[in-house]
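Here is the structure we will look at.
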Amino acid sequence: MSLYQVQKLIYQLNRDPRTRERYGRERDAVLAEYELTDEERRALVGTAEEGPDIGLLYVLGVNGQLLMHFAALHKVEWNAYLDAMRQGLVKHGPVREGVYAATGYEGVEAHDARLKREREKH
Amino acid sequence: MPLVYCGACSHAPGITARAERADTQTRQALESALRRMGDDIRATRPDALIVVAAEHFANFFMNNMPAFAMGMADAYEGPIEDEAFLRIKRTRVPGNKALSRKLIEGVMQTVDVAYAEEWKFDHGISVPLHFLTPSYDLPIVPANINCQGPPLTPLRRAWAFGEALRSAADAVPERVALVATGGISHWPATPDSGKINEAWDREFLARWAANDREALLSYTDAEIYKNGGQGGFEIRTFIAAAAAAKGAKGTIDFCEPIPIFAVSCTTARMQLGT
Chain P
1 MSLYQVQKLI
11 YQLNRDPRTR
21 ERYGRERDAV
31 LAEYELTDEE
41 RRALVGTAEE
51 GPDIGLLYVL
61 GVNGQLLMHF
71 AALHKVEWNA
81 YLDAMRQGLV
91 KHGPVREGVY
101 AATGYEGVEA
111 HDARLKRERE
121 KH
Chain R
123 MPLVYCGACS
133 HAPGITARAE
143 RADTQTRQAL
153 ESALRRMGDD
163 IRATRPDALI
173 VVAAEHFANF
183 FMNNMPAFAM
193 GMADAYEGPI
203 EDEAFLRIKR
213 TRVPGNKALS
223 RKLIEGVMQT
233 VDVAYAEEWK
243 FDHGISVPLH
253 FLTPSYDLPI
263 VPANINCQGP
273 PLTPLRRAWA
283 FGEALRSAAD
293 AVPERVALVA
303 TGGISHWPAT
313 PDSGKINEAW
323 DREFLARWAA
333 NDREALLSYT
343 DAEIYKNGGQ
353 GGFEIRTFIA
363 AAAAAKGAKG
373 TIDFCEPIPI
383 FAVSCTTARM
393 QLGT
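Printed below as a string of structure tokens:
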């Protein structure tokens, strides 16, 4: 398990334009600089059509503050980002490390509706 | 000069990134509250604004994670986030290296703070500044408390950092303002984003407004995680601001849960000099 290495690469990509540029030009060479398992590498690379496997990265335990911006960097829209994590949980099971586990939530729409009802009552 | 302003506000990226998805009336009320906070800060004629934030891996990572850090540069850049995502244009924000150095030297008398001559802002600073100082004309002194990579800075040390910031600010001739930024309960960037423990938030803010040191420091990280989520660890910044207020009481000017922004959006200030 080398979650630290996955997160370090994402940290560099998120903050450093030169690393991003290199990653676009010679991704394999950049990836080779980090000690990654096959699964981690697969999650980071994903597929040509869909980009990185956000769901698997989430389950591997990547800190949400790194993952959210990594997803944005790959132009993954907010709802698609949330769905990718949900699908990751279905496909790969619970989050394996870190503090970003899913704990259950009614969802924004239901929550908004509940708040609206409560505001109307007062 | 004694600290001229001490407040706290939310920094959730959704406030700008997903602005149009919130209820219009509530969003406008929040944005007005944030702009009013900016007006209040400017009314104190500050020479610089210390922003005590909980950063999210823009500068610090688990290869060398400081419990506390402060910026010491004449300029900073931010936000690091994708501009199309955060909807804040990357810009240069003025700092004040000489003042930063004096403040850091003051803080170091009691708290081992790391300093950084390079610092990239993330949403933790850029979202508040977008509303508080939209012209980016007030020099910023960024400060960070590790709320992100466990082991986290203990709450009691966050309090000590706030006290040290206050002593340092009081000892310089410049007029220094301070704003802490962070969420209270939230489960950000997870499938549960939007979940908010409003009762827990209001209880925390009541303790903050009363500036009740023991009550503010009585939370354990296990309790925070259970009731306030991983985002709740950011209460450290509010705690530092409470300490910096040196016993003054506070006012909660705005507090509304806005699920699409993922937090109880808040603006609050301490009544310094009362």
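Listed in order, the protein sequences are those of chains P and R.
Sequential numbering from 1 applies to the first sequence in our numbering.
Sequential numbering from 123 applies to the second sequence in our numbering.
From the three backbone atoms N, C-alpha and C, an ideal C-beta is built for every residue, glycine too.
Return the first residue and the last residue of the alpha helix (DSSP H) that residue i is part of.
| i | result |
| --- | --- |
| R:Gly160 | Thr146 to Ala165 |
| R:Ala280 | Leu277 to Ala293 |
| R:Ala206 | Glu205 to Leu208 |
| P:Tyr23 | Pro17 to Arg25 |
| P:Gly88 | Trp78 to His92 |
| R:Gly136 | Gly136 to Ala139 |
| R:Leu338 | Arg335 to Leu338 |
For the beta strand (DSSP E) containing residue i, list its first residue and its last residue.
| i | result |
| --- | --- |
| R:Gly228 | From DSSP, R:Gly228 is part of no beta strand (DSSP E) but of the alpha helix (DSSP H) over Lys219 to Val229. |
| R:Met192 | Phe190 to Gly193 |
| R:Pro168 | That residue, R:Pro168, is in no beta strand (DSSP E); it is neither H nor E in DSSP. |
| R:Leu300 | Val298 to Thr303 |
| R:Arg214 | Thr213 to Pro216 |
| P:Phe70 | No beta strand (DSSP E) contains P:Phe70, which is instead part of the alpha helix (DSSP H) from Gly64 to Leu73. |
| P:Glu40 | No beta strand (DSSP E) holds P:Glu40; the alpha helix (DSSP H) holding it covers Asp38 to Val45. |
| R:Gly129 | Tyr127 to Cys131 |
| R:Ala180 | Counting along the chain, R:Ala180 falls outside any beta strand (DSSP E), and DSSP gives it neither H nor E. |
| R:Ala197 | Ala197 to Gly200 |
| R:Ala238 | Ala236 to Ala238 |
Count the other CB atoms within 10 Å of the CB of residue i; is the residue buried (16 or more) or exposed (fewer)?
| i | result |
| --- | --- |
| R:Pro261 | buried |
| R:Pro276 | exposed |
| P:Met85 | buried |
| P:Lys8 | buried |
| R:Ser386 | buried |
| R:Arg358 | buried |
| R:Gln150 | exposed |
| P:Lys91 | exposed |
| R:Gln393 | exposed |
| R:Gly129 | buried |
| R:Lys317 | buried |
| R:Pro273 | exposed |
| R:Asn186 | exposed |
Looking only at its own chain, which residues have a Cβ that is under 7 Å from the Cβ of residue i, when we skip the five neighbours before and after it?
| i | result |
| --- | --- |
| R:Thr148 | Glu378 and Ile380 |
| R:Pro124 | Asp292 |
| R:Phe207 | Ala139 |
| R:Glu205 | Lys211 and Arg212 |
| R:His252 | Thr138 and Ile210 |
| R:Ala367 | Cys128, Asn333, Met392 and Leu394 |
| R:Arg223 | Met194 |
| R:Gly160 | Phe253, Leu254 and Thr255 |
Can you look up residue i in the DSSP assignment and give me helix, strand or coil?
| i | result |
| --- | --- |
| P:Ile54 | helix |
| R:Pro250 | helix |
| P:Val6 | helix |
| R:Met392 | strand |
| R:Phe376 | strand |
| R:Ile306 | coil |
| R:Ala265 | strand |
| R:Trp317 | The amino acid at residue 317 of chain R is misidentified as Trp; the sequence shows Lys. Correct three-state label for R:Lys317: coil. |
| R:Lys368 | coil |
| R:Val174 | strand |
| R:Tyr347 | helix |
| R:Ala311 | coil |
| P:Tyr11 | helix |
| P:Ala110 | helix |
| R:Ala363 | helix |
| P:Val30 | helix |
| P:Val95 | coil |
| R:Val397 | Since the displayed chain R opens at 123 and closes at 396, residue 397 of chain R lies outside it and no answer follows. |
Please find out if some non-hydrogen atom of the ligand GTP comes closer than 6 Å to the beta-carbon of residue i.
| i | result |
| --- | --- |
| R:Gly351 | You won't find the ligand GTP in this model; it holds no ligand whatsoever. |
Within the same chain, show all residues whose beta-carbon is closer than 8 Å to that of residue i, passing over the 5 residues directly before and after it, in chain order.
| i | result |
| --- | --- |
| R:Gly369 | Asn333 |
| R:Tyr258 | Thr213, Arg214, Val215, Pro216 and Leu251 |
Inter-stretch contact at 8 Å, needing at least 3 Cβ pairs: the stretch 234 to 243 of chain R / the stretch 322 to 329 of chain R:
no
Decide if the stretch 219 to 234 of chain R is in contact with the stretch 282 to 296 of chain R; the criterion is three or more beta carbon pairs, one per stretch, under 8 Å apart.
yes
State whether the stretch 304 to 311 of chain R contacts the stretch 342 to 356 of chain R, with contact taken as three or more CB pairs (one from each stretch) at a distance under 8 Å.
yes
Is the stretch 91 to 102 of chain P in contact with the stretch 134 to 146 of chain R, if contact means three or more CB pairs nearer than 8 Å?
no
Do the stretch 341 to 348 of chain R and the stretch 58 to 77 of chain P make contact, defined as three or more Cβ pairs closer than 8 Å?
no
Does the pairing of the stretch 182 to 194 of chain R with the stretch 114 to 121 of chain P give three or more beta-carbon distances under 8 Å?
no
Are the stretch 268 to 275 of chain R and the stretch 176 to 188 of chain R touching, with three or more C-beta to C-beta distances below 8 Å?
yes
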